[in-house]
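Below: the structure, in structure tokens.
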Amino acid sequence: MTPRADVIVAGGGPAGSATAAALARAGCRVVLFEREVFPRRKPCGDYVNPGAVAALDRLGVRDAVIRAGARAVGGMHVAGARGDAATLRFTGRPGWSVPRRILDAILLAHAAQAGVRVYEGATVAAVVRQGPRMSVTVRFRGRGGVEAHTAALVVGADGLRSAVARAAGLDGASRRGRYTAGSYVAGLAPLDGAGGCDIGEIHLRPDRYCGVAYLPGGVANVTVALGRRVIQGWRGKVREGYWRELLAFPGLRGRLDRAEQVETVAGAGPLAYRRRRCVADGIMLVGDAATYVDPLTGQGVYLALRGAELAAPIALRALDGAGPRRAALAEYRRRRDREFAGVFLISRVLQRLAFQPALAGRALRRLAARPDLGSALIAAIGNVAEPRSVLRPGFVARALGVL
Ligand SMILES: Cc1cc2nc3c(=O)[nH]c(=O)nc-3n(C[C@H](O)[C@H](O)[C@H](O)COP(=O)(O)OP(=O)(O)OC[C@H]3O[C@@H](n4cnc5c(N)ncnc54)[C@H](O)[C@@H]3O)c2cc1C
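Numbering-wise, the sequence shown is residues 0 to 402 according to numbering that gives the first Met the number 0.
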């Protein structure tokens, strides 16, 4: 039997673990239900941008992640469909690459140490209002049957296809967007980094892309994002389809001769920009459950961790005051809107630009010639500079070589 809770958190990814830890540290009784048993594999590019590294630092897990072997990422090499390329380098704090099965396990353990009661193999199946409290139905793996638990507030941190969002009548998941197929590959040599840092890679083609992150142990996370039809065409031959795609990226072709796939291909999708109303009576959504951005710009972990930082104090104030009704939680939505509007905008602008080969090629040539512009751009994408700084007409004109 789980103890009486002030807050139930659904989902133990970065958003759920970070929100739960912050609330427990402030004295709340927090119970977290996670569907999987950790460590678990999570389809991801395994890139943690500098803004997310700063958030991990504030959360107090920086040293644990470094001890687990996180590698510094000093920038991104972006290769366009027409052969143009630019390496965008961070001038300040680097990002990291670390497998999500490691990062997420550290974050969940940290939440447990902060006093959160963590239940793994526990799927939140339904959420309903019951008088002043929320009733949550949980299915425990291997036990059969379901249990009901109550709390004043439910935090939906259960990802893109959030059951909490569905139950609260907040918008459903998108059916549009690309699908991803990712695996771990040994024998792919990194491009030259600088100052002991690796350089991540993004390879573009007119309607698809591939991301590469170099990880501890000499393996690389290599993930492709492409249309539904392509993936459907792989039926029964996923491995062959995956490698055919990798070899079609000009910037990878000659470098995969000795490469060897060391894990199965994991898929995800459809993945498209999706923004939900993030509060309802007794409910807050955090992380992908609240807003999803295409992984091209590698901002999802940042949004999950920063969203947790925005959610926790507002949840606490509402719990201490008149209760976590929608009006009391609305400040969370306003803060997200204020802080994340530029982040969402830059992600969407770059989505458009990246898949227009002529325009993207022009920008890449210019960024290769002007490393200062490249650094400004990647600082904004990496959530360590104000996104609007690179969305100003003057910056856009310089980056496209018009000025
Ligand atoms: C292919 C791919 C590549 C990506 N690459 C990057 C990248 O390189 N860098 C980056 O920053 N972002 C990347 N992202 C985005 C990033 O993975 C997400 O934005 C991030 O994981 C969001 O964290 P979260 O905690 O909101 O959700 P998640 O990490 O998805 O965690 C949700 C958790 O909830 C659990 N859960 C789900 N349903 C239930 C339920 N009903 N009950 C209980 N538990 C439940 C799940 O098991 C999971 O552990 C990528 C995404 C994809 C799909």
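Glycine included, every Cβ here is placed at the ideal spot set by N, Cα and C. This one's a predicted model, so the numbers in the text were calculated from it and none came from an experiment.
Exercise. With C-beta atoms as the reference, is A311 less than 7 Å away from A21?
Worked result: Yes, they are a contact pair.
Exercise. According to DSSP, is E262 helix, strand or coil?
Worked result: Coil, per DSSP.
Problem set entry | Residues near W233 in its chain [Cβ-Cβ closer than 7 Å; skip 5 each side] | The beta carbon of W233 is closer than 7 Å to those of G240 in its chain, skipping five residues each way along the sequence.
For this session: Taking only the alpha-carbon atoms, compute the straight-line gap between P356 and I377 and give it to the nearest angstrom.
Result: The alpha-carbon atoms of P356 and I377 are separated by roughly 20 Å.
Exercise. Would the beta-carbon of P42 fall within 7 Å of that of R100?
Worked result: Taking 7 Å as the cut-off, the beta carbon of P42 is found no closer than this to the beta carbon of R100.
Exercise. Could you give the residue range of the alpha helix (DSSP H) that holds D56?
Worked result: Residues P49 to L58.
Exercise. Does the Cβ-Cβ distance between G217 and A166 come in under 7 Å?
Worked result: No, the pair does not count as a contact, with Cβ atoms beyond the cut-off.
Problem set entry | Within the stretch 155–232, ranges of the alpha helix (DSSP H) (whole runs, at least 4 residues) | Correct list: 162–166 and 227–231.
Exercise. How many whole angstroms separate the CB atoms of G79 and A359, which I take to be in contact at a CB cut-off of 8 Å?
Worked result: Contact holds; Cβ gap of about 5 Å.
Problem set entry | Spatial distance of A316 from A25 (CA atoms) | Position check: residue 316 holds Arg in this sequence, whereas Ala was assumed. Their backbone Cα atoms lie some 11 Å apart in a straight line.
For this session: Out of A147, R66 and A19, point me to the one whose CA is closest to A124's CA.
Result: For the residues A147, R66 and A19, the minimum Cα distance to A124 belongs to A147.
Problem set entry | Nearest candidate by alpha-carbon position, reference Y118, set A71, E35 and A156 | Residue nearest to Y118 within the set A71, E35 and A156 is E35 (criterion: CA-CA distance).
Exercise. For A69, does the three-state DSSP call read helix, strand or coil?
Worked result: DSSP places A69 in coil when its eight states are reduced to three.
Exercise. Nearest-angstrom Cα distance between A289 and D62?
Worked result: Approximately 29 Å, taken between the alpha carbons.
Exercise. Do A14 and Y301 have their CB atoms nearer than 7 Å?
Worked result: No, these two residues do not count as a Cβ contact at 7 Å.
Exercise. So which of G306, P215, G299 and G373 has the shortest CA-CA distance to A67?
Worked result: It is P215.
For this session: Give the single residue among A69, A85, A17 and V72 whose Cα lies nearest to the Cα of G373.
Result: Sorting A69, A85, A17 and V72 by C-alpha distance to the C-alpha of G373 places A85 at the top.
Exercise. What is the DSSP secondary structure of F354, counted as helix, strand or coil?
Worked result: Of the three classes helix, strand and coil, the one that applies to F354 here is coil, per DSSP.
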